[in-house]
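Novice: As they're listed, the protein sequences go chains A and B. For reference, each letter of the first sequence is one residue, going 80 to 410 in the working numbering. For reference, each letter of the second sequence is one residue, going 13 to 318 in the working numbering.
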Amino acid sequence: MASQNLQSVPAELSPEEQEREAAGQAYFDRIISEDSRIEPRDWMPAAYRKTLLRQISQHAHSEIIGMQPEANWITRAPSLKRKSILMAKVQDEAGHGLYLYSAAETLGQSRDQMMEDLIAGKARYSSIFNYPTISWADMGAIGWLVDGAAICNQVPLCRASYGPYGRAMVRICKEESFHQRQGFEILLELSNGTPAQKQMAQDAVNRWYAPSLMMFGPPDEDSPNSKQSMAWNIKRFSNDELRSRFVGMMVEQVRVLGLTLPDKDIRFNEETKKWEHGPLDWNEFKEVLAGRGPCNSQRIERRREAHENGAWVREAAVAYTRKQAQKENAA
Amino acid sequence: MSTPETTDFVIEGHGDISVGVHGAGASGDGSASATRITPGNALRPEDIALEIKKGQVKPSEDVAQYALRIGDDGLILAQRLGHWISRAPELEEDIALGNIALDQLGHARSFLTYAGAAWGKSEDDLAYFRREHEFRSAHLFEQPNGDFAVTIARQFIVSYYQFELYSALAASTDPTLAAISAKAVKEVDYHRDHSAQWVLRLAGGTDESRKRIIQGFKLVWPYVDEIFEDDELTTRLAEAGVTVQPSSLRAEFDRLTGEIMAEAELEIPGVPQSLGGGRRGKHSEFLGYILAEMQVLAREHPGASW
């Protein structure tokens, strides 16, 4: 199924190079058809490399930008236990960013370059992080809905055909399960708390529900890259398929929370055996993606500020290492 | 209750989003805590709270007052360090400073939980519902983060001090203080290493980084004497073997920090020592702002559980 994506070999290649390319493509096609793994040194089509780089770097950026809406509540967390959990969670996200940048580096792009692209506004990240966290309950809703949606997206990626990506996802998914659980726990506690706390929880669920459904990406008919990614065994299920599964799980869990989802149209379609949800405002999604969300410029500015304020520290570390090496050589 | 078509969805226990729905009770079971990753049988604040509840431990007024001091130091520093997460010079430092903040907060939670047992108060009662003059943190811990060099200079002093303190407290006649400290000292040992490495790098890096670390030390050094100050409380507790006099930790602190400073070719700043007073409730201007931010939500909902 991958052979239909064969790239035409550029004419300027020598016969030996052409032969190598053809052998590489044959190896790649066999690996994909066996549902096995491509490793960094293996030959791979340029488009496969490009697609992966785009996806993994976007994913890494999402982890890094995603630290901000939650870091927003670290200093104000209402109990020391919650503060401690939240710190650990945001710290995990930095770790996820690191694994993912490392995985992307195996495809030939440096972390510095990816960071520059992010700061320059050239790279994308999950657009949900452009919404503000205005109450403590948002920590619960992000964990439960946003991390929940992320897990649905990411569990199948543990089997992605590109080895470093799949392996990074295994670790990330383990930690994300904790994150989702702590979000659920925050909402459960609020829902069983005072009327003001319960109201806070419901308000947060109302605000994060639709954006979290849109995390799965546009509807299948409007998602041009999905088909190719599925053929390459990077993506395993379509956007709508994953979204439907997610809705089904949330329907069940929201009842335990004693809260409601702000969607009257949720139903289980007995014919298709799939969960269905109400219409989503894809215009808003596109607006936020295009930079017109409430926090787009704030998020990038924070990253730029941290990066630029830290430049002298990174330079110092490099200079120190160089000087130490010189000393050792001289000795 | 089962969700249709989930068979190929869960891979060997990873990525579970079941959230334990079937057994989830309304009280939010502590066993589901994301931070419950302490290896072995290390003491957690929850364990101390349980011992208190069972009536197995109760500190004397003196011990409680003392635990309050150390707990407040850690709490205020964690509050400061937590601000770095998502703002550090590189991702590795977001993680490292976050880790140090978490360790400090963990120690603080244990000490405050224990202190609170003397007065029927929880760690959160003490953290969120005391006013400025009731805090017992030393001024060093309240100092602003400044740039990365200031944070490192502050952390360097703190971790070399805490290492000596917790090493001594691990032999305390008070078993709870000893147990908390025995765990803390292992973590603080890493903090020492982290800050010492950065002192060396910044001092021996570029002209700019050297200038900044010199300035950083100048800003925080006035608050060193206060942490080694003896008073009536520490005298009584030292006589009982609960702790040692803070002044007795100074020589080793000076020796070990001096070694790193010498290697970094840095001078101990010749700055006047501040009068301090944190242990008596006399604080910097900074503490009010720290508390305002830390306490705002909890105070909006008094009596609420989170």
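We put the CB at the ideal spot given by N, CA and C, even for glycine.
What is the C-beta distance between residue 282 of chain A and residue 216 of chain A, in whole angstroms, given that I count them as a contact (C-beta under 8 Å)?
Specialist: Translated into positions along the first sequence, residue 282 of chain A becomes position 203. Translated into positions along the first sequence, residue 216 of chain A becomes position 137. Rounded to whole angstroms, the Cβ separation of residue 282 of chain A and residue 216 of chain A is 7 Å, and the two are in contact under 8 Å.
Novice: Can you tell me whether residue 117 of chain A is helix, strand or coil according to DSSP?
Specialist: Indexing the first sequence from 1 puts residue 117 of chain A at position 38. Three-state result, residue 117 of chain A: strand.
Novice: Run through chain A and tell me which residues come within less than 9 Å of residue 221 of chain B, C-beta to C-beta.
Specialist: Within the second sequence, the letter at position 209 stands for residue 221 of chain B. Those within 9 Å of residue 221 of chain B in chain A are 391, 392, 394, 395, 396, 398 and 399.
Novice: What ranges does the beta strand (DSSP E) occupy inside the region 165-248 of chain B, keeping only unbroken runs of at least 3 residues that lie completely in it?
Specialist: none
Novice: Quick one: what's got a C-beta closer than 6 Å to residue 135 of chain A's C-beta in the same chain, skipping five residues either side?
Specialist: Start at 1 with the first residue of the first sequence, and residue 135 of chain A comes out as number 56. Excluding its 5 nearest sequence neighbours in each direction, residue 135 of chain A has C-beta neighbours in its own chain below 6 Å: 179, 182, 183 and 244, listed in chain order.
Novice: List, in order along the chain, the chain C residues whose C-beta lies closer than 7 Å to that of residue 317 of chain B?
Specialist: This model lacks chain C altogether; the protein chains it does include are A and B.
Novice: Just the chain A side, please: which residues come within less than 8 Å of residue 149 of chain B by C-beta, in chain order?
Specialist: Position 137 of the second sequence, counted from the start, is the residue given in the question as residue 149 of chain B. Per Cβ cutoff of 8 Å: no residues; residue 149 of chain B is ~15 Å from chain A at best.
Novice: Would residue 288 of chain B pass as a contact of residue 244 of chain B if the rule is Cβ separation under 7 Å?
Specialist: Sequence index remark: in the second sequence, residue 288 of chain B carries index 276 (1-based). Sequence index remark: in the second sequence, residue 244 of chain B carries index 232 (1-based). Not a contact, by the Cβ cut-off of 7 Å.
Novice: Find out if the Cβ-Cβ distance for the pair residue 237 of chain A, residue 225 of chain A is shorter than 7 Å.
Specialist: Taking the first sequence and counting its residues from 1, the one referred to as residue 237 of chain A is at position 158. Taking the first sequence and counting its residues from 1, the one referred to as residue 225 of chain A is at position 146. No, the pair does not count as a contact, with Cβ atoms beyond the cut-off.
Novice: Going by C-alpha distance, which of A:306, A:198, A:137 and A:200 is nearest residue 176 of chain A?
Specialist: For the purposes of this step, residue 176 of chain A is identified with residue 97 of the first sequence, where counting begins at 1. Ranking A:306, A:198, A:137 and A:200 by Cα distance to residue 176 of chain A puts A:137 first.
Novice: By a C-beta neighbour count over all protein chains shown, 10 Å radius and 16 as the cutoff for buried, is residue 387 of chain A buried or exposed?
Specialist: As a working mapping, residue 387 of chain A is identified with position 308 in the first sequence. By the 10 Å Cβ count, residue 387 of chain A comes out exposed.
Novice: With the cut-off set at 7 Å, would you say residue 298 of chain B and residue 144 of chain B are in Cβ contact?
Specialist: The count along the second sequence starts at 1 and reaches residue 298 of chain B at position 286. The count along the second sequence starts at 1 and reaches residue 144 of chain B at position 132. Contact: no.
Novice: Can you find a CB in chain B that lies within less than 7 Å of the CB of residue 116 of chain A?
Specialist: Position 37 of the first sequence, counted from the start, is the residue given in the question as residue 116 of chain A. Not an interface residue.
Novice: Decide yes or no for the touch test of the region 160-174 of chain A against the region 248-262 of chain A: beta carbon pairs closer than 8 Å, at least 3 of them.
Specialist: Output reads yes: the region 248-262 of chain A touches the region 160-174 of chain A.
Novice: Run down chain A in chain order and give the residues with a C-beta less than 8 Å from the C-beta of residue 218 of chain B.
Specialist: Counting from one through the second sequence, the residue named residue 218 of chain B turns up at place 206. In chain order: 391, 394, 395 and 398.
Novice: Using a Cβ-Cβ cutoff of 8 Å, what residues of the region 110-136 of chain B are near chain A? List them in chain order.
Specialist: 110, 111, 113, 114, 117, 118, 120, 121, 124, 135 and 136
Novice: Counting only C-beta atoms, is residue 99 of chain B closer than 7 Å to chain A at any point?
Specialist: The residue given as residue 99 of chain B occupies position 87 in the second sequence. For residue 99 of chain B, the answer is yes, since a Cβ of chain A falls inside 7 Å of its Cβ.
Novice: Tell me whether the beta-carbon of residue 206 of chain A lies closer than 7 Å to the beta-carbon of residue 326 of chain A.
Specialist: In the first sequence, counting from the first residue as 1, residue 206 of chain A sits at position 127. In the first sequence, counting from the first residue as 1, residue 326 of chain A sits at position 247. Cβ atoms of residue 206 of chain A and residue 326 of chain A: not closer than 7 Å.
Novice: Under 7 Å between C-beta atoms, does residue 308 of chain B make it to chain A?
Specialist: The residue labelled residue 308 of chain B in the question sits at position 296 within the second sequence. Residue 308 of chain B counts as touching chain A.
Novice: What is the DSSP secondary structure of residue 241 of chain A, reduced to helix, strand or coil?
Specialist: Numbered from its first residue, the first sequence carries residue 241 of chain A at position 162. Residue 241 of chain A falls in the strand class under three-state DSSP.
Novice: Can you tell me where the beta strand (DSSP E) with residue 346 of chain A in it begins and where it stops?
Specialist: Taking the first residue of the first sequence as 1, we reach residue 346 of chain A at position 267. Start and end: 346-348.
Novice: Which runs of the alpha helix (DSSP H) spanning at least 4 residues fall entirely within the region 250-321 of chain A, listed in chain order?
Specialist: Runs of the alpha helix (DSSP H) inside the region 250-321 of chain A: 274-293 and 305-310.
Novice: Taking 7 Å as the CB-CB cut-off, is residue 157 of chain A touching chain B?
Specialist: What you label residue 157 of chain A is simply residue 78 of the first sequence in a count that begins at 1. Answer yes: the Cβ-Cβ gap between residue 157 of chain A and chain B drops below 7 Å somewhere.
Novice: Hey, quick one: how far does the alpha helix (DSSP H) through residue 160 of chain A stretch, first residue to last?
Specialist: Here residue 160 of chain A refers to the residue found at position 81 when the first sequence is read from its first residue. From DSSP, the alpha helix (DSSP H) with residue 160 of chain A extends over 159-184.
Novice: Are the C-beta atoms of residue 228 of chain A and some chain B residue less than 7 Å apart?
Specialist: In the first sequence, counting from the first residue as 1, residue 228 of chain A sits at position 149. No, residue 228 of chain A lies away from the interface with chain B (no Cβ there is under 7 Å from its Cβ).
Novice: Helix, strand or coil: how does DSSP classify residue 223 of chain A here?
Specialist: In the first sequence, the residue the question calls residue 223 of chain A occupies position 144. Reduced to three states, the DSSP call for residue 223 of chain A is helix.
Novice: Is it buried or exposed for residue 280 of chain B, if we count other Cβ within 10 angstroms and need 16 for buried?
Specialist: Taking the second sequence and counting its residues from 1, the one referred to as residue 280 of chain B is at position 268. Counting Cβ neighbours within 10 Å, residue 280 of chain B comes out exposed, since fewer than 16 surround it.
Novice: Shorter than 7 Å from the beta carbon of residue 276 of chain B to some beta carbon of chain A?
Specialist: For the purposes of this step, residue 276 of chain B is identified with residue 264 of the second sequence, where counting begins at 1. For residue 276 of chain B, the answer is no, since every Cβ of chain A falls outside 7 Å of its Cβ.
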